[in-house]
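Input: a single structure, listed below in structure tokens.
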Amino acid sequence: MEPDAHVRHRYPWCMSVEKTDGTVQHRPSMSGGAPARERALRKQGRDTMRRLLDAGRTAFSEMSYHQVRVADVVKIAKTSHGTFYLYFSNKEDLFKALARDAMHDVEELAERFPMVLPSPAGHAALRSWIQEYGDLYATHSAVIRLLTQPDTVGEDLWTDGIDILGKLSKAMTTAMADAGRDAHSAELTALSCLMMIERMNFVQSLRHLITLERDEVTDKLTDITFAAFLSTPMR
């Protein structure tokens with residue numbers, strides 16, 4: 001199965017990955033780095049690439065960006081330097097692949113923002129979305145944190161991250177406007193709510209510093225955001 005049009009447009013080398021349940025998921029990272037994109041990969045190559053990507057995600061989670069070395073990644077992946085360089089040019093190349101996944105997932109999440117009606121069903125739909133945001137953030141927390149640091153990841157990746165954040169904000173703003181809210185107030189309210197949700201997930205990702213009960217945090221974020229939707233002035 002080929003990636004759909006918008007994925008191919010944004011990530012022209014995006015590959016499809018078959019999951020254990022038989023469904024197919026588009027993972028931009030599975031294109032690998034520059035060396036891997038020069039050849040077609042067989043199943044063994046894709047499995048090796050997946051191990052390297054998982055190892056990279058672990059390394060960037062446990063160490064700072066500047067501390068991570070290729071040696072750390074190959075040790076976690078239980079492979080060799082030579083194998084690493086068959087798929088990625090360097091650690092920056094690996095990080096860019098991981099960033100493509102994170103941004104792809106956030107973009108898809110933005111497209112799934114629900115219509116938040118002033119009803120128990122609206123509250124439940126919003127809670128489900130906020131919970132999904134938390135799951136996504138937990139998966140990509142190290143990458144997302146680094147994307148906020150232009151001096152570390154570079155201006156291009158940082159700009160891409162800001163663009164994705166803008167899509168999340170726009171999705172929330174559109175949902176408020178569709179519910180009949182004033183456009184300007186909806187935009188400001190949506191951005192404020194989004195920043196609160198992002199920061200709370202950031203705090204939750206720092207488990208070595210602070211531990212919060214996941215469901216309780218999700219409930220509180222939902223209650224505050226739902227109240228903000230209801231209190232935003234109508235047109």
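In this text, residue positions in the sequence shown follow the UniProt record's numbering: the first is 1, and each later residue adds one.
Think of the CB as a built atom: it goes at the ideal place given N, C-alpha and C, for glycine as much as any other residue.
For residue i, does the three-state DSSP call read helix, strand or coil?
{"i": "residue 172", "result": "helix"}
{"i": "residue 112", "result": "coil"}
{"i": "residue 63", "result": "coil"}
{"i": "residue 100", "result": "helix"}
{"i": "residue 214", "result": "helix"}
{"i": "residue 207", "result": "coil"}
{"i": "residue 181", "result": "strand"}
{"i": "residue 27", "result": "strand"}
Give the range of the alpha helix (DSSP H) segment to which residue i is assigned.
{"i": "residue 73", "result": "70 to 77"}
{"i": "residue 144", "result": "120 to 147"}
{"i": "residue 150", "result": "150 to 153"}
{"i": "residue 86", "result": "81 to 87"}
Do you know offhand how far residue i's Cα is from residue j's?
{"i": "residue 53", "j": "residue 234", "result": "47 Å"}
{"i": "residue 221", "j": "residue 83", "result": "44 Å"}
{"i": "residue 195", "j": "residue 127", "result": "16 Å"}
{"i": "residue 35", "j": "residue 184", "result": "47 Å"}
{"i": "residue 129", "j": "residue 111", "result": "11 Å"}
{"i": "residue 120", "j": "residue 218", "result": "16 Å"}
{"i": "residue 76", "j": "residue 58", "result": "8 Å"}
{"i": "residue 216", "j": "residue 169", "result": "24 Å"}
{"i": "residue 100", "j": "residue 199", "result": "21 Å"}
{"i": "residue 81", "j": "residue 68", "result": "14 Å"}
{"i": "residue 136", "j": "residue 146", "result": "15 Å"}
{"i": "residue 225", "j": "residue 138", "result": "20 Å"}
{"i": "residue 44", "j": "residue 63", "result": "28 Å"}
{"i": "residue 223", "j": "residue 103", "result": "27 Å"}
{"i": "residue 65", "j": "residue 227", "result": "38 Å"}
To which residues of the same chain is residue i closer than 6 Å at the C-beta, ignoring the five residues directly before and after it?
{"i": "residue 142", "result": "60 and 61"}
{"i": "residue 94", "result": "56 and 88"}
{"i": "residue 242", "result": "Residue 242 falls outside the range modelled here, since the chain spans only 1 to 235, and no answer is possible."}
{"i": "residue 161", "result": "147"}
For residue i, collect the residues of the same chain with a Cβ closer than 8 Å to its Cβ; drop the 5 residues on either side in sequence, then sort them by chain order.
{"i": "residue 230", "result": "118"}
{"i": "residue 232", "result": "176, 181, 182, 185, 186 and 189"}
{"i": "residue 51", "result": "77, 78 and 79"}
{"i": "residue 214", "result": "134 and 204"}
{"i": "residue 115", "result": "122, 125, 175, 178 and 179"}
{"i": "residue 98", "result": "29, 53, 56, 57, 60, 140 and 143"}
Suppose the cutoff is 7 Å on Cβ atoms and the five residues either side in sequence are ignored; what does the same chain contact list for residue i look like?
{"i": "residue 187", "result": "173"}
{"i": "residue 33", "result": "87, 88, 89, 93, 94 and 97"}
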